[in-house]
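A quick write-up on the structure given underneath.
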Amino acid sequence: FRHIEPFRTYPEAARANRQRGRVVTRVTINRAGELVALSVDRSSGWPLIDNAELAAIRRAMPLPPPPAGMPGDPLVLILPMTYNYDGR
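All residue numbers for the sequence shown refer to the numbering used here, where the first residue is 85 and numbers rise by one.
In structure tokens, the structure reads:
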């Protein structure tokens, strides 16, 4: 989800310890794109990485409103993100 990308940061402590992984978040928004609920659906195994992704999503709020024809109110999004210390 491109809107969140500028808000993502790789935790320096995670990078220093060469921690990497894929975190999957469950993001629930209303029709205006406002956050209703946020949780880790599948952990990366590293709390620093999981918390960095949750923080990035919170900073990115509100999200762009979903298209008018998209069903759901609220709308649940499942967002995977991979953190690698050689990039993101």
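Beta carbons: idealized from backbone N, C-alpha and C, even for Gly.
Give me the Cα-Cα distance between residue i and residue j, rounded to the nearest whole angstrom.
i    : j    : result
W130 : P150 : 31 Å
L161 : N168 : 23 Å
R172 : R115 : Reliability fails at R172, whose pLDDT of 48 lies under 50, so the model's placement of it is uncertain and the value that follows must be treated cautiously. The alpha-carbon atoms of R172 and R115 are separated by roughly 30 Å.
G117 : R86  : 14 Å
G153 : S128 : 33 Å
Judging by CA-CA distance, which residue of the options is the nearest neighbour of residue i?
i    : options                   : result
M145 : A152, L119, S127 and R110 : L119
T109 : R86, Q103, R99 and L122   : L122
Can you give the beta carbon distance from residue i to residue j, rounded, assuming they're within the 8 Å contact cut?
i    : j    : result
I113 : P155 : At roughly 13 Å, the Cβ-Cβ gap does not stay under 8 Å, so I113 and P155 are not in contact.
Determine whether the beta carbon atoms of residue i and residue j lie at a separation below 8 Å.
i    : j    : result
M165 : R126 : no
L147 : Q103 : no
(request) Check whether the segment 92-108 touches the segment 134-154, counting contact only when three or more Cβ pairs, one atom from each stretch, lie closer than 8 Å. (result) yes
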